[in-house]
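Here our numbering is used: the first residue of the sequence shown is 63, the next is one more, and so on.
Structure first, then comments.
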Amino acid sequence: MIPHTQWAKALHESARAQKPRDQFSTQHTYSLDDAYRIQHALIQERVNEGHSIVGVKMGFTSVAKMKQMGVDDMIIGQLTADMWITEDQPLVRSQCIHPRAEPEIAFRLSQDITSPLSVDEVTSVVDGVASAIEIIDSRYENFKFSLEDVVADNCSSCGFALGPWCEVPLGLNGLDMIQTFDHQIVAQGTSDAILDNPFEALAAATRLALQYGLPLKKGMIVLAGASTAAHFIGATKNVEVTVDGLGSAQFNMA
Ligand code: OOG
Ligand code: MG
């Protein structure tokens with residue numbers, strides 16, 4: 063029997079104390095269902111601190127990310143209000159373990175989602191698209207994990223920043239995505255890297271969210287997953303992601 067709540071509390075404590083921990087999978091065998099139960103309990107810790115759930119994030123929707131991290135399946139995690147990086151709520155370097163940034167695209171839901179949707183259906187349930195940056199900060203030593211470990215750890219979620227909301231275009235293919243650190247290009251990709259079409263990531267999010275009991279409500283944000291490998295932020299001050307036609311998301315580290 064896996065002690066879901068105890069492991070969730072340990073992961074939460076690692077995040078709050080900036081202390082990376084051992085992977086669970088090196089000592090225990092546990093299922094993906096167990097991993098999502100741990101993730102639920104972990105999110106409950108944040109909700110108990112007063113942070114609401116503001117959306118979900120897809121992971122490993124690009125070959126670049128799967129290769130970088132050595133896993134081969136899509137995952138889903140949750141976003142809470144305290145992860146949203148704004149001028150009023152900066153990302154504080156000393157509150158992270160070993161943060162990495164990656165270029166993403168964000169969707170805003172125009173209605174509650176109650177059934178899995180196809181790629182043709184998802185365009186009618188979003189009222190905004192934005193360029194986005196995701197900050198991931200695995201709670202495991204050396205950013206090493208199994209698929210179950212990373213799901214339990216809420217898919218390494220740490221923070222996210224959004225560009226201005228744009229009207230939903232008919233297609234999101236062939237858009238260049240560029241990430242800079244202090245105005246130097248560190249990663250360059252295309253939106254096609256995200257499941258050949260970022261709307262596919264949104265469709266997959268509706269499927270996985272319903273499968274694992276994650277809420278998808280009107281106004282919530284869905285991150286589609288990174289189009290390139292992630293980069294360690296290190297001593298970087300400014301992080302910016304520009305997506306063709308969607309403008310840019312950026313923030314300064316505090
Ligand atoms: C897991 C999170 C993956 C993405 O965009 O593919 C992810 C990790 O790489 O630590 O967020
Ligand atoms: Mg990501």
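Even glycine gets a Cβ: it sits at the ideal position worked out from N, Cα and C.
Nothing here was measured: the structure is a model prediction, and the numbers come from that model.
With the criterion CB distance below 7 Å from any heavy atom of the ligand MG, the matching residues run K119, G121, E164, E166, E196, I198, L285, G287 and A288 along the chain.
Its Cα nearest to that of A271, the residue I137 stands out among A316, Y202, I137 and P260. Look at K129: its beta carbon is at least 7 Å from all of the heavy atoms in the ligand OOG. If you compare the alpha carbons of P165, R170, A265 and F222 with that of Q250, the shortest gap goes to P165.
Its chain contains I147, I195, A311 and F313 as the residues whose beta carbon lies nearer than 6 Å to that of A223, once the 5 sequence neighbours on both sides are disregarded; these appear in chain order. Sequence-distant Cβ neighbours of D174 in its own chain, meaning closer than 8 Å and more than five residues away, are L278, K279 and K280. Just measuring C-alpha positions, the residue of V213, W227, L234 and A266 sitting nearest W69 is V213. Cβ-Cβ distances below 7 Å link L73 to L104, R201, A214 and D215 in the same chain, with the five nearest sequence neighbours on each side left out; the list follows chain order.
By the Cβ criterion, the segment 280-297 is in contact with the segment 120-130, since at least three pairs of Cβ atoms, one from each stretch, lie closer than 8 Å. A direct Cα-Cα distance of roughly 5 Å separates C217 from G139.
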